[in-house]
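The numbering of the sequence shown is my numbering, which starts it at -8 and goes up by one.
Glycine is no exception: its CB is placed at the ideal position from the N, C-alpha and C atoms.
Reviewing the structure listed below.
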Amino acid sequence: MDGILIINKPKGYTSHDVVNVIRKKLNIKKVGHTGTLDPNATGVLPILVGQATKVSKYLIEHDKTYVAKLKLGEKTSTGDVEGEIIEKKDVPTDLHEEYVLEVLKNFTGKQKQIPPVYSAIKVNGKKAYEYARENKEIKLEPREIEIEQIQLIEFKDEEITFEVECSKGTYIRTLCEDIAIKLGTVGFMKELERKKINIFTIENAINLEDISEKELINIEKVFEDREKIFLNKRKLELFLNGVKLQFNLKDDLYRIYSENYFIGLGIIKDGYLKRDVIIEKK
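Quick look at the structure:
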């Protein structure tokens, strides 16, 4: 049993909770997830089953789209609704939609972002949130992220709902706090829904209660935009044994086939093809 399930993660579940539910429902141990969602977040969570766990690195790399709700006037210890309120600041009475739009627009492009202390980023072998829970101060280095686009959905009752398309590693909690500062106040992320990751959208996601083997998406589908390379029996044997094969093709990731069977993925670099991920040996 191999493939990918696109789950619409409900509120209150950790990403690992979802993995455990699927392990039990499908009676399979080899299950993982990619693109962690916090317990209070909802939306698209790709679940990798069986051999699909081998391609997780390629799903993580893709841009993601979220819809977030930012609550202005209050700051929490965690940057989201889970934390305690640690600061209050009046929201400017003259704050209007046109200015909010202008501020949001200024967040597009490449930039440095400091991750929140309540995150799974490791510092000296220990997760940042573990230090935070022990009230120990740590320094997290800024990381480069990119906001492809950000759009205002609604500004009402000191709450801003916006959609953002961003690169891997972007923390929406931090983005919410930074937006609030630019608006002359403080804020925290009240709600978060992931709408899209890679080719997978919320419209195609299934609920936990609807999980079944027939809902598995073929691993090959994720790489439909990659060119194919067909290998004969001899070259396939060499490829599977780790031998580099000469090909006059551009440097890139390719889908590898033998007799129309999808074998896995290979990388061409400097005119040579080498194995990367093997899904099936024929």
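Taking the alpha helix (DSSP H) that residue i falls in, what are its first and last residues?
i, result
"residue -1", "Note, residue -1: premise wrong, no alpha helix (DSSP H); beta strand (DSSP E) at -6 to 0."
"residue 6", "6 to 17"
"residue 264", "Careful: residue 264 lies outside any alpha helix (DSSP H), inside the beta strand (DSSP E) at 263 to 269."
"residue 274", "Within the shown structure, residues of the chain are numbered from -8 to 273, placing residue 274 beyond reach of any answer."
"residue 51", "47 to 51"
"residue 230", "224 to 231"
With a cut-off of 8 Å on the beta carbons, I'd call residue i and residue j a contact; round off their distance for me.
i, j, result
"residue 219", "residue 248", "6 Å"
"residue 270", "residue 210", "6 Å"
"residue -6", "residue 83", "That pair is no contact at about 51 Å."
"residue 58", "residue 152", "7 Å"
"residue 263", "residue 256", "With 8 Å as the limit, residue 263 and residue 256 do not qualify as a contact, their Cβ atoms being about 15 Å apart."
"residue 156", "residue 144", "Residue 156 to residue 144, Cβ: 13 Å. No contact."
"residue 16", "residue 202", "5 Å"
"residue 45", "residue 268", "5 Å"
"residue 259", "residue 231", "That belief does not hold up - the Cβ atoms of residue 259 and residue 231 are roughly 16 Å apart, past 8 Å."
"residue 60", "residue 181", "4 Å"
"residue 30", "residue 5", "5 Å"
"residue 138", "residue 100", "6 Å"
"residue 98", "residue 170", "7 Å"
"residue 134", "residue 103", "7 Å"
"residue 88", "residue 146", "5 Å"
Would you list the residues sitting across from residue i in a DSSP beta bridge?
i, result
"residue 237", "263"
"residue 59", "153, 183"
"residue 54", "DSSP output for residue 54 lists no bridge partner at all."
"residue 70", "Paired residues: none, contrary to the question."
"residue 255", "247, 269"
"residue 214", "Bridge partners of residue 214: none, in fact."
"residue 192", "187"
"residue 208", "-5"
"residue 197", "-2"
For the beta strand (DSSP E) that contains residue i, what are its first and last residues?
i, result
"residue 188", "178 to 188"
"residue 33", "33 to 40"
"residue 249", "243 to 249"
"residue 22", "22 to 24"
"residue 78", "76 to 79"
"residue 66", "65 to 67"
"residue 221", "219 to 221"
Output yes if chain B places a C-beta closer than 8 Å to the C-beta of residue i; else output no.
i, result
"residue 80", "Annotation note: the requested chain B is absent from the structure, which comprises a single protein chain."
At which residue ranges does the stretch 134 to 176 contain complete beta strand (DSSP E) runs of 3 or more residues, listed in the order of the chain? Counting whole runs of 3 or more residues, the stretch 134 to 176 contains the beta strand (DSSP E) stretches 134 to 147, 150 to 157.
Does the pairing of the stretch 153 to 170 with the stretch 72 to 79 give three or more beta-carbon distances under 8 Å? As far as the Cβ criterion goes, the stretch 153 to 170 does not touch the stretch 72 to 79, which means the pair count is below three.
Can you list the beta strand (DSSP E) stretches of 3 or more residues lying completely in the stretch 98 to 127, in chain order? The stretch 98 to 127 contains, as complete beta strand (DSSP E) runs of 3+ residues, the segments 100 to 104 (chain order).
Could you tell me whether the stretch -6 to 3 touches the stretch 23 to 33, where touching means 3 or more Cβ pairs closer than 8 Å? Three or more Cβ pairs drawn from the stretch -6 to 3 and the stretch 23 to 33 lie within less than 8 Å of each other, which places the two stretches in contact.
Touching by the beta-carbon criterion (3+ pairs, under 8 Å), the stretch 222 to 236 and the stretch 193 to 206: Fewer than three Cβ pairs drawn from the stretch 222 to 236 and the stretch 193 to 206 lie within less than 8 Å of each other, which leaves the two stretches out of contact.
Closer than 8 Å is the cut-off here; do at least three beta carbon pairs connect the stretch 60 to 67 with the stretch 118 to 138? Short answer: they don't touch.
Would you check if there are 3 or more beta carbon pairs closer than 8 Å linking the stretch 9 to 19 to the stretch 176 to 184? The stretch 9 to 19 is not in contact with the stretch 176 to 184.
Check whether the stretch 183 to 190 and the stretch 34 to 54 are in contact - that is, three or more C-beta pairs closer than 8 Å. Touching, yes, given that three or more Cβ pairs across the two stretches are closer than 8 Å.
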